[in-house]
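Right, one structure below, let's go through it.
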Amino acid sequence: MMNTKQITELSLCQLSSYLQSGEITAVQAATAYLNTIREKEPSIHAYLSVLEGEAMQKAAQIDDRRSRGEKLSPLAGIPAGTKDNICTRGFTTTCASRMLENFVPPYDAHVIEKLEQAGAVMLGKLNMDEFAMGSSTENSYFQVTHNPRDLTCVPGGSSGGSAAAVAAEEAAFTLGSDTGGSIRQPAAFCGVVGMKPTYGTVSRYGLVAFASSLDQIGPLTKTVADSAMVMDCIAGHDSRDTTSIDMKTLNYSAELGKDIRGMKIALPKEFLGEGLSDDVRKGIETAVTRFKELGAEIIEVSMPTLSHALPAYYIISSAEASSNLARFDGIRYGYRAKDYDDITTLYKNSRSEGFGQEVKRRIMLGTFALSSGYYDAYYKKALQVRTLIVNDYNRIFEQCDCILSPVAPTTAYKIGEKTSNPLEMYLGDIYTVPVNIAGLPALSMPCATADSGLPVGMQLIGPAFSEPALYRIGYAFETSGISR
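Residues in the sequence shown are numbered from 49 upward in steps of one, following our numbering.
Quick look at the structure:
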């Protein structure tokens with residue numbers, strides 16, 4: 049029988065195969081991951097809550113069903129975790145905020161329903177930047193998550209807990225949300241695989257909204273094939289989400305293992321410009337060389353709107369956050385201040401005490417951008433830039449299958465290094481936010497290891513609904529011998 053370490057070292061696909069063959073039981077798998085959580089959590093702090101009893105009960109049910117010969121999903125019995133802004137019925141969903149510290153949703157998010165139906169075993173809820181606003185998971189009200197590759201470094205954000213749990217082998221896979229890079233950047237910092245799907249591919253029902261036109265749920269996994277397996281489960285139309293796209297469900301694993309010879313990969317020259325660290329530049333150059341060896345054609349292109357993407361993103365996302373977070377007023381649910389004189393001071397004190405510094409900063413920025421006299425100058429202008437960015441991508445995809453870019457300008461930085469300079473932290477999103485603005489899919493995966501020993505991530509960006517092709521390209525790279 050395999051021991052804990054042997055089980056948690058398996059990829060999701062390998063573990064699924066062992067579960068289906070009966071060589072490992074779901075109870076054994078759940079026990080192995082819960083043991084790892086107990087061992088590593090004191091130093092990692094990826095989980096905000098661990099559902100040990102519920103996980104063991106679900107695992108036993110899966111084993112019972114499998115023993116009776118039921119045909120189960122490939123994810124049946126797989127231990128997983130989810131970011132704590134994805135609603136789970138009967139269990140707290142805090143968004144890592146004092147505002148929702150005791151909030152227990154009366155319903156499951158659509159993705160949780162899908163995983164439940166598939167028989168996945170939910171281990172717990174994962175730490176994040178408060179209301180998904182941040183790039184380092186240092187903005188959580190409860191704790192700071194540490195990068196398993198170097199405990200002195202941040203794991204990235206806002207899905208830092210989700211990435212750290214996979215990297216630390218505390219979950220076989222996790223779910224995160226991506227508004228401007230919040231799956232891809234922590235995946236790059238922690239050396240795992242993160243997929244930001246096409247907008248509308250995965251239902252946002254039950255995801256606590258940050259910026260509704262940008263948010264998207266996606267998986268974090270050890271390998272590209274693992275990511276495709278999770279996407280096969282969670283994607284699909286949901287009538288409760290008006291932005292969910294009703295289309296034929298894709299087979300995300302269909303193109304894995306296919307040759308990429310002759311495929312055209314674009315490399316925008318602006319993505320390798322000023323501000324990119326030597327470690328990341330070398331990593332992308334390594335990826336370019338390997339793609340050429342695999343028979344792909346690298347085409348240098350230009351994306352002149354890149355310099356405008358970051359300010360446009362922060363205006364659009366902050367404006368939508370200002371609107372979405374207006375519901376947290378101390379009246380209906382969430383944190384309520386104890387000291388107030390009237391309804392106005394109740395609102396003021398509840399929001400001042402319930403929200404953290406970064407959330408308040410973005411609410412104020414968004415409210416300003418939407419205010420009378422500034423709407424046309426800022427918000428309307430940002431929407432016009434959004435159109436230009438979409439046009440840039442469309443022009444590139446007329447001649448190329450995908451775009452290769454860095455995920456972040458640097459590898460993971462030290463905890464506390466950038467907390468006093470939010471603008472410097474915002475600049476770290478330069479390569480990821482254009483994808484959300486255009487609603488495109490993007491795959492983040494390791495491409496090299498820096499001299500410091502930290503992973504370097506690359507990003508593959510494709511046209512809408514091109515996830516199977518991105519997985520094909522990423523899988524070819526991953527299985528070609530690049531060191532993780």
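A virtual CB, placed ideally from N, CA and C, is assigned to each residue, including glycine.
Just so we're clear, the structure is a prediction, and the values are computed from it rather than from any experiment.
Keeping to the same chain, check which residues put their C-beta closer than 6 Å to that of Y66; ignore five residues upstream and five downstream. Excluding residues within five positions, the ones whose Cβ falls inside 6 Å are I72.
Distance between A498 and K466 (C-alpha atoms, nearest Å): Here the alpha carbons of A498 and K466 stand approximately 20 Å from one another.
From V483 to P457, what distance separates their C-alpha atoms? Cα-Cα distance, rounded: 16 Å.
G310 and L268 - do their beta-carbons sit closer together than 7 Å? No. Outside cutoff.
Suppose the cutoff is 7 Å on Cβ atoms and the five residues either side in sequence are ignored; what does the same chain contact list for I363 look like? Scanning its chain for C-beta atoms nearer than 7 Å, with the 5 sequence neighbours on each side dropped, one finds around I363 the residues A417, Y426, Y427 and A430, in chain order.
For T497, the residue or residues it bridges with in DSSP: DSSP lists P503 as the beta-bridge partner residues of T497.
Taking the alpha-carbon positions, what's the V407 to Y388 distance? V407 and Y388: Cα-Cα distance of roughly 22 Å.
Y441, buried or exposed, once every other Cβ within 10 Å from all chains shown has been counted against 16: Buried, because 16 or more other Cβ atoms sit within 10 Å of the Cβ of Y441.
Please tell me whether G228 and V481 are closer than 7 Å, where the distance is taken between their beta carbons. Cβ distance < 7 Å, so G228 and V481 count as in contact.
Between which two residues does the alpha helix (DSSP H) carrying Y253 extend? Taken as a continuous stretch (DSSP letters only), Y253 belongs to no alpha helix (DSSP H), as it is neither H nor E.
Quick one: using the 10 Å Cβ neighbour count with 16 as the cut-off for buried, is I509 buried or exposed? In this structure I509 is buried. Its beta-carbon is surrounded by 16 or more other beta-carbon atoms within 10 angstroms.
Buried or exposed, going by whether 16 or more other CB atoms sit within 10 Å of the CB of K131? By the neighbour-count rule (16 or more Cβ atoms within 10 Å), K131 is buried.
For Y538, which beta-bridge partners are listed by DSSP? Nothing can be reported for residue 538, as the shown portion of the chain is limited to 49 through 532.
Return the CA-CA distance between L518 and C450, expressed in angstroms with no decimal places. Approximately 7 Å between the Cα atoms of the pair.
C-beta atoms of N187 and L96 nearer than 7 Å: No, the Cβ-Cβ distance between N187 and L96 is not below 7 Å.
Identify the residues that DSSP records as bridge partners of P454: which are they? Its beta-bridge partners are M506.
Segment contact, 8 Å Cβ cut-off, at least three pairs: the region 204 to 222 with the region 145 to 160: With the cut-off at 8 Å, the region 204 to 222 and the region 145 to 160 do not touch.
Below 7 Å between beta carbons: does that hold for A314 and I293? Note that the C-beta distance between A314 and I293 is not below 7 Å.
If you run the structure through DSSP and keep just helix, strand and coil, what is D449? If DSSP states are grouped into helix, strand and coil, D449 belongs with coil.
Element boundaries [alpha helix (DSSP H), containing A213]: First-last of the alpha helix (DSSP H) with A213: G208 to A215.
Have a look at Q507, S230 and K396 and flag the residue whose alpha-carbon is nearest the alpha-carbon of L452. Comparing alpha-carbon positions, the option among Q507, S230 and K396 lying closest to L452 turns out to be Q507.
DSSP on V438, reduced to helix/strand/coil? In the three-state reduction of the DSSP assignment, V438 falls in the helix class.
Please state whether DSSP places E348 in a helix, a strand or coil. Secondary structure at E348: strand, using DSSP grouped into helix, strand and coil.
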